[in-house]
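Asks:
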Amino acid sequence: MSWFAVHDESFHAILGSSPGLEMLFENKEYPFAHEAGVFIPSDNTLFITSNQYTDPSSPFAKKIQITKVVLSSDGPVTCEEVFPENVPMANGGVNYENGILFCAQGDMKTPAGLAFMEITPPYRSSFLLKSFYGRPFNSPNDVVVHSDGSIWFTDPIYGPEQGIRPAASSPNQVYRWDTKNGGGIRAVADGFGRCNGICFSPDEKIIYVTDTDYIHGDGTTDCTRSSSIYAFDVVHYSRQPFLINRRLFAFVDKGVPDGIKCDTNGNVYSGCGDGINVWSPGGVLLGRILVEGGAANFCFGRRGELFILNEHKLWRAQLGDHIRGDLLKI
0 MSWFAVHDES
10 FHAILGSSPG
20 LEMLFENKEY
30 PFAHEAGVFI
40 PSDNTLFITS
50 NQYTDPSSPF
60 AKKIQITKVV
70 LSSDGPVTCE
80 EVFPENVPMA
90 NGGVNYENGI
100 LFCAQGDMKT
110 PAGLAFMEIT
120 PPYRSSFLLK
130 SFYGRPFNSP
140 NDVVVHSDGS
150 IWFTDPIYGP
160 EQGIRPAASS
170 PNQVYRWDTK
180 NGGGIRAVAD
190 GFGRCNGICF
200 SPDEKIIYVT
210 DTDYIHGDGT
220 TDCTRSSSIY
230 AFDVVHYSRQ
240 PFLINRRLFA
250 FVDKGVPDGI
260 KCDTNGNVYS
270 GCGDGINVWS
280 PGGVLLGRIL
290 VEGGAANFCF
300 GRRGELFILN
310 EHKLWRAQLG
320 DHIRGDLLKI
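Going letter by letter, the sequence shown gives residues 0 to 329 in numbering that gives the first Met the number 0.
#1: Note down the Cα distance separating K312 from H235, rounded to an integer number of angstroms.
#2: Quick check on DSSP: helix, strand or coil for L326?
#3: Where does T220 land, buried or exposed, given buried means 16+ other C-beta within 10 angstroms?
#4: Tell me where the beta strand (DSSP E) around I330 begins and ends.
#5: At which residue ranges does the stretch 53-132 contain complete beta strand (DSSP E) runs of 3 or more residues, listed in the order of the chain?
#6: Give the range of the beta strand (DSSP E) segment to which L318 is assigned.
#7: Alpha carbon to alpha carbon, how far is Y132 from F152?
#8: Alpha carbons only, please: which of A167, F241, S225, K27 is nearest the one belonging to I205?
#9: For a quick check, are the C-beta atoms of A111 and Q104 less than 7 Å apart?
#10: Helix, strand or coil for I13, going by three-state DSSP, please let me know.
#11: Is it the case that the Cβ atoms of L318 and G300 are separated by a distance below 7 Å?
#12: On the DSSP letters alone, give me the boundaries of the alpha helix (DSSP H) that E160 sits inside.
#13: Identify the residues that DSSP records as bridge partners of K27: which are they?
#14: To the nearest angstrom, report how far apart E107 and I163 are at their CA atoms.
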């Protein structure tokens with residue numbers, strides 16, 4: 000049980016009778032396991048995006064690599080590097096219309112926005128959204144899809160700070176893109192230091208947004224800046240959704256809360272500086288899955304599986320087999 004820390008007795012029910020943690024793959028060449036984490040149940044694969052690293056073919060350029068991980072229950076895990084044409088500097092991602100919707104951070108020449116990629120070769124891709132009515136995005140970071148088909152995503156200024164994008168052109172904001180009813184896009188939440196991860200509660204009445212202002216794109220840190228998860232109520236006025244009652248849901252004691260997801264019971268999971276932290280729907284820290292070096296992001300697989308992205312290493316945690324990630328519910 001040394002891989003797990005229990006802060007509340009109810010965490011034992013989440014862990015189940017035989018919890019475990021195993022390293023599935025290690026890439027010593029570059030930090031291949033950083034963001035996205037999109038599980039494809041139809042063929043038991045996982046798509047992940049790397050952290051930025053120096054492109055060996057161009058020592059002055061930064062690169063982000065998408066990797067397809069082929070999982071196996073009785074053999075070694077294999078990895079395939081994927082090179083879609085229209086997903087510049089991919090970051091967060093989510094299952095979308097039999098493919099993957101990626102946050103495309105863009106670069107100094109290519110706009111930032113949202114891009115779609117097919118999950119089978121040749122991995123055809125297309126840009127779906129490139130601006131807010133002509134005003135450039137900064138560097139979209141994470142994305143989630145509502146049951147009504149609308150797409151919600153965060154757009155912090157990390158890209159400009161890291162030198163991969165031009166100067167920031169908008170505040171750190173959350174956007175909603177109504178793809179099913181005319182394609183309108185609205186900024187729905189602001190006031191963040193650096194908005195990052197985003198997810199809905201199972202009933203979609205609450206949206207959680209992480210603020211990772213503790214660390215800026217140039218690598219500087221400040222303990223007085225936000226390292227927190229905020230919750231908002233989703234309500235409707237004039238037949239449109241608004242986010243109200245912003246409140247501090249949780250403060251993280253190690254690192255920052257990056258990727259965030261719920262299980263079907265409403266418990267909230269986030270990748271933090273020491274691994275995966277888990278809170279009750281009421282904001283009580285239940286426990287942690289401890290991974291040295293922490294985790295930027297993760298995703299649920301089947302029946303209590305959790306795939307944890309740990310930069311150079313990919314881990315698989317096994318929780319109770321009754322646990323289901325709310326996104327796929329499998």
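Idealized CB from N, CA, C, for every residue including glycine.
The model shown is predicted, which means the values in this text are computed figures rather than measured ones.
Replies: Looking at the coordinates:
#1: Your numbering for residue 312 matches position 313 in the sequence shown. Your numbering for residue 235 matches position 236 in the sequence shown. Roughly 42 Å between the two C-alpha positions.
#2: Within the sequence shown, the letter at position 327 stands for residue 326. Coil at L326, not helix or strand.
#3: Position 221 of the sequence shown, counted from the start, is the residue given in the question as residue 220. Exposed: under 16 other Cβ atoms inside 10 Å.
#4: Only positions 0 to 329 of the chain appear in this structure, which leaves residue 330 out of reach.
#5: 57-62, 65-69, 77-81, 89-95, 98-103, 112-117, 124-128
#6: Sequence index remark: in the sequence shown, residue 318 carries index 319 (1-based). No beta strand (DSSP E) holds L318; DSSP gives it neither H nor E.
#7: The sequence position of residue 132 within the sequence shown is 133, counting from 1. The sequence position of residue 152 within the sequence shown is 153, counting from 1. Near 16 Å, if we compare the C-alpha coordinates of F152 and Y132.
#8: Looking up residue 205 in the sequence shown gives position 206. Here the closest residue by C-alpha is F241.
#9: The residue labelled residue 111 in the question sits at position 112 within the sequence shown. The residue labelled residue 104 in the question sits at position 105 within the sequence shown. Yes, the Cβ-Cβ distance between A111 and Q104 is below 7 Å.
#10: As a working note, residue 13 is residue 14 in the sequence shown. The answer is helix: DSSP assigns I13 an H, G or I state.
#11: The residue labelled residue 318 in the question sits at position 319 within the sequence shown. The residue labelled residue 300 in the question sits at position 301 within the sequence shown. Not in contact: L318 and G300 (Cβ atoms no closer than 7 Å).
#12: Taking the first residue of the sequence shown as 1, we reach residue 160 at position 161. Start and end: 157-161.
#13: What you label residue 27 is simply residue 28 of the sequence shown in a count that begins at 1. DSSP, once it has assigned bridges, lists no residue as partnering K27.
#14: Working through the sequence shown from its first residue, we reach residue 107 at position 108. Working through the sequence shown from its first residue, we reach residue 163 at position 164. Reading off the sequence, residue 107 comes out as Met, not Glu. M107 and I163: Cα-Cα distance of roughly 6 Å.
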